[in-house]
């Protein structure tokens, strides 16, 4: 994944949320919803979560953690990612459409 493909990310380690400036024109409500979802994930599970666009424009979720992070819930991570995919399905589909239009308009 490249920097341009990353939509947003949150980290338990830095206690920060990152939204790629490329997507800063998203409606505030959507940005807030993404921030809440990702920050809650890191508070509950730990580690780092990233939403990014794959090469076909699909929205994917990646999680990571530091090797010495014994509090990271690896099993819970998989369950929580699946829950997020189900609960945010409509939002993710809209974000995929948005990305497709962004790529088509910008020619990137």
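Residue numbers (my numbering): 264 to 371. Built from N, CA and C at the ideal position, the CB exists for glycine as well.
Tell me which residues share the same chain as residue 359 and place their Cβ nearer than 8 Å to its Cβ, disregarding the 5 neighbours each side in the sequence. As a first step, residue 359 is located in the chain shown; it is residue number 96 there, counting from the start. Contacts found: 316, 320, 321 and 322.
Name the one or two DSSP bridge partners that residue 327 has. Numbered from its first residue, the chain shown carries residue 327 at position 64. Paired residue(s): 311.
Spatially closest choice to residue 361 from 349, 348, 289 and 342, by CA coordinates: Reading the chain shown from its first residue, position 98 is the one you call residue 361. Here the closest residue by C-alpha is 289.
If you draw a straight line from the C-alpha of residue 341 to the C-alpha of residue 285, how long is it? Indexing the chain shown from 1 puts residue 341 at position 78. Indexing the chain shown from 1 puts residue 285 at position 22. Spanning the two alpha carbons is a distance of roughly 28 Å.
Just grab the DSSP bridge partners of residue 322 for me. Indexing the chain shown from 1 puts residue 322 at position 59. Residue 322 pairs with 316.
Residue 280 bridges to which residues according to DSSP? Numbered from its first residue, the chain shown carries residue 280 at position 17. Its beta-bridge partners are 273.
Residue 296 and residue 354: beta carbons closer than 8 Å? Counted from its first residue, the chain shown places residue 296 at position 33. Counted from its first residue, the chain shown places residue 354 at position 91. In contact: residue 296 and residue 354 (Cβ atoms closer than 8 Å).
Cβ-based neighbour list, residue 302, same chain, cut-off 8 Å, excluding 5 preceding and 5 following: For the purposes of this step, residue 302 is taken as the residue at position 39 of the chain shown. The residues are 273 and 280.
How about residue 310 and residue 275: are their beta carbons less than 8 Å apart? In the chain shown, counting from the first residue as 1, residue 310 sits at position 47. In the chain shown, counting from the first residue as 1, residue 275 sits at position 12. Result yes, Cβ atoms of residue 310 and residue 275 sit closer than 8 Å.
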